[in-house]
Amino acid sequence: MTDLTEGNEGKLIWHFAIPMLIGNVFQQLYNVADSIVVGQLLPNGKEALAAVGASFPVLFTIASLIIGVSSGTTIIIAQYFGAKDFTKIKKAVDTMFIMLFFSSILAGGLGVYFSETIFRYIELPEELIPDAVLYFNINMIGIVTMFGFNGISGVLRGFGDSKTPLYFLILSTILNIILDLVFVLAFGWGIAGVAWATVIAQGFSFVIGVWYLNKTHKLISISIFKLEFDWDIFAKSIKIGLPSGLQHMFVAMGMVALFRIVNSFGTNVIAAYSVAGRIDSFAIMPAMNFAMALTTFTGQNLGANKPHRVINGLKATLFMTAIISVSFSLAAILFGKQLMHMFTADPEVILIGAEYLVIVGVFYVVFSTMFSINAVFRGAGDTIVPMFITLFSLWAIRV
4 MTDLTEGNEG KLIWHFAIPM LIGNVFQQLY NVADSIVVGQ LLPNGKEALA
54 AVGASFPVLF TIASLIIGVS SGTTIIIAQY FGAKDFTKIK KAVDTMFIML
104 FFSSILAGGL GVYFSETIFR YIELPEELIP DAVLYFNINM IGIVTMFGFN
154 GISGVLRGFG DSKTPLYFLI LSTILNIILD LVFVLAFGWG IAGVAWATVI
204 AQGFSFVIGV WYLNKTHKLI SISIFKLEFD WDIFAKSIKI GLPSGLQHMF
254 VAMGMVALFR IVNSFGTNVI AAYSVAGRID SFAIMPAMNF AMALTTFTGQ
304 NLGANKPHRV INGLKATLFM TAIISVSFSL AAILFGKQLM HMFTADPEVI
354 LIGAEYLVIV GVFYVVFSTM FSINAVFRGA GDTIVPMFIT LFSLWAIRV
């Protein structure tokens with residue numbers, strides 16, 4: 004457990020954010036590995052790449068609401084930890100996992116049932132729908148493991164521990180890459196093999212996460228038959244987390260809306276947008292992870308009644324993320340074609356994707372500033388303002 008209420012604000016946020024950043028890089032490598040394998044190793048690489056890419060925003064839409072809502076519990080845990088109230092921490096952890104379990108069952112069932120309808124609604128080309136549905140459904144079957152590991156990571160972040168989830172992610176990402184190659188090259192399972200590799204690897208990270216939490220944090224150990232649901236904490240987490248969950252969901256729905264527009268331009272543009280989106284996700288990831296660190300930092304310091312440290316933390320975060328964002332902007336603008344070539348050899352797909360990266364790369368500093376300001380509101384338990392800022396920037400401007 005890391006106490007973020009004492010010491011240099013900038014250094015604390017940096018040391019807390021970097022393990023999360025590396026961890027999320029490995030989390031993204033799940034999708035990147037899938038994209039590289041289907042784009043480079045399958046006979047119908049371009050079509051398979053487009054199908055996998057079309058599945059991502061739909062998966063994100065379904066998962067984002069629940070993960071966003073559970074973030075309310077993470078904020079509560081951080082505040083309880085700042086106040087050193089360990090009894091309530093245990094109740095908050097139990098409540099979150101009960102909520103995540105039942106939510107994942109509901110989301111997975113509805114996702115599989117409506118999968119084909121969803122892809123037809125976003126006007127995915129007919130020849131891509133079977134592969135997209137197959138990849139999507141397998142991921143939905145295993146969505147409980149994704150929810151569970153995000154819950155474990157949220158608990159540890161609330162304690163100020165961002166390093167341990169990183170170690171689990173490194174192991175599971177390596178497993179995912181190995182299984183990708185085995186299932187596709189040795190077993191010939193195609194897109195289904197890529198999807199199953201992801202589900203199995205996520206399940207592995209969830210299991211070892213539970214094992215670690217039970218071994219090292221005896222006061223909050225997780226037992227299926229001893230979980231205690233607290234309605235007051237549930238209501239508080241919904242109040243804090245629902246706006247964040249809605250924000251995540253509307254962001255995801257914005258991605259779906261954009262994908263529906265992109266789908267009308269055919270397979271080349273779909274594939275280019277899918278690959279460029281993967282690269283774009285890496286570029287904005289540092290700003291998002293520093294914002295997550297600032298959220299926990301804010302929660303702990305407000306819980307300890309030290310608001311002046313929050314202001315200093317925000318200034319330090321804005322400075323650090325601005326430098327990082329400018330670096331990624333230059334990389335996207337100057338080396339877009341080389342980055343696209345990692346995923347596909349199709350010249351038209353590379354050209355379209357590189358043009359996309361030039362345009363979005365200009366705005367990375369703006370994104371990082373927005374994420375940091377929103378993080379302070381979230382850490383304070385006020386998630387309404389960040390929700391409206393995000394909705395305006397996404398729907399009124401981007402879409």
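Those letters in the sequence shown? Residues 4 to 402, per my numbering, in order.
All C-beta atoms, glycine included, are put in the ideal place defined by N, C-alpha and C.
Length of the line joining the Cα atoms of P22 and F171: 11 Å
Rounded C-alpha distance that separates A335 from A290: 15 Å
Simplified DSSP assignment, three categories, for H220: coil
Bounding residues of the alpha helix (DSSP H) (the contiguous stretch that carries F186): Careful: F186 lies outside any alpha helix (DSSP H) and carries neither H nor E.
Local Cβ density within 10 Å of Q82, reported as buried at 16 or more and exposed below that: buried
Same chain, Cβ closer than 8 Å to Q30, neighbours up to 5 away in sequence not counted: L172, T176
Between the CA atoms of K239 and I132 - distance to the nearest angstrom: 41 Å
Expected contact under 8 Å - CB spacing of G206 and I155 to nearest Å: G206 to I155, Cβ: 12 Å. No contact.
Cβ shell of T167 (< 6 Å), same chain only, five flanking positions each side left out: L159
Separation of L337 from I16, as counted between CA atoms: 30 Å
Residue of L137, I108, V368 minimising C-alpha distance to S121: Inspection of the sequence shows that residue 121 is occupied by Ile rather than by Ser. Ranking the options by Cα distance to I121, first place goes to L137.
N315: first and last residue of the uninterrupted alpha helix (DSSP H) it sits in: 310 to 337
Residue from S74, F374, A135, G248 whose Cα sits closest to the Cα of A198: A135
Proximity winner among G193, S328, K340, relative to T372 (alpha-carbon distances): S328
Same chain only: Cβ atoms within 7 Å of I65, ignoring 5 sequence neighbours per side: A110, G114
Supposed close pair I223, I79 - CB separation, criterion 8 Å: Their Cβ separation, rounded to whole angstroms, is 13 Å, which puts I223 and I79 out of contact at 8 Å.
Whole-angstrom C-beta distance between I376 and A57, which should lie under 8 Å: No, A57 and I376 are not in contact; Cβ-Cβ is about 32 Å, not under 8 Å.
Limits of the alpha helix (DSSP H) - the one that N140 falls within: 132 to 144
Proximity below 8 Å, CB of G244 to CB of G75: yes
Touch test, the region 312 to 324 against the region 338 to 347, Cβ-Cβ under 8 Å, three pairs minimum: no
Own chain, CB closer than 7 Å to V402, minus 5 neighbours either side, in chain order: Confidence at V402 is low in this model, with a pLDDT of 49, below 50, so the placement of that residue should be treated as unreliable; the coordinate-derived value is given next. Contacts found: G257, A260, L261.
Residue of N34, A54, V147, G280 minimising C-alpha distance to Y363: Inspection of the sequence shows that residue 363 is occupied by Val rather than by Tyr. Checked all of N34, A54, V147, G280; the closest Cα to V363 is G280.
Other residues of its chain near E119: CB distance less than 8 Å, five sequence neighbours each side excluded: I132, V136
Reduced DSSP secondary structure (H/G/I, E/B, other) of E50: helix
Option in M102, L174, D183 with minimal Cα separation from V40: D183
N- and C-terminal bounds of the alpha helix (DSSP H) containing T8: Segment: none, T8 is in no alpha helix (DSSP H) and carries neither H nor E.
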